[in-house]
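Undergrad:
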Amino acid sequence: LCAEIGLAVTAEAVSVAALKGADEVFITSTAGGIMPVTTIDGAPVAGGKVGPITERLMALYWKRHEDPAWSSAVRYP
């Protein structure tokens, strides 16, 4: 998704201090989508607001999620 909107992606360890000073923070998982992080240890991140990049990725994720070509139902026993 990031590549589609021109964002570079890296995987690396990030300190809590770096997260607290970030412009935007989100977490993601295969089942949960993209979830904004607006506080860390009770302190607001980036003013406690969801950032524009996070909003854009969330919208793109859910658009894909609704497309059967990009999504599979999870069946539980």
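Just so we're aligned: the sequence shown equals residues 3 to 79 in my numbering.
Backbone N, C-alpha and C fix where the C-beta goes; we use that ideal spot for every residue, glycine too.
Taking the alpha-carbon positions, what's the G35 to G23 distance?
TA: For the purposes of this step, residue 35 is identified with residue 33 of the sequence shown, where counting begins at 1. For the purposes of this step, residue 23 is identified with residue 21 of the sequence shown, where counting begins at 1. Near 23 Å, if we compare the C-alpha coordinates of G23 and G35.
Undergrad: Counting along the chain, where does the alpha helix (DSSP H) carrying P54 start and finish?
TA: To locate residue 54, count along the sequence shown from 1; it is residue 52. Run containing P54: 54-68, per the alpha helix (DSSP H) assignment.
Undergrad: Figure out for me which residue from Y78, V11, V18, H67 has the closest Cα to the Cα of A45.
TA: Position 43 of the sequence shown, counted from the start, is the residue given in the question as residue 45. It is V18.
Undergrad: Expressed to the nearest angstrom, what Euclidean distance is found between the alpha-carbon atoms of K51 and V39?
TA: Along the sequence shown, one-based indexing puts residue 51 at 49. Along the sequence shown, one-based indexing puts residue 39 at 37. Rounded to the nearest angstrom, the two C-alpha atoms are 9 Å apart.
Undergrad: If we ignore side chains and look at the alpha-carbon of each, how far apart do M37 and M60 end up?
TA: Within the sequence shown, numbered from 1, the residue matching residue 37 stands at position 35. Within the sequence shown, numbered from 1, the residue matching residue 60 stands at position 58. Straight-line Cα distance between these residues: approximately 8 Å.
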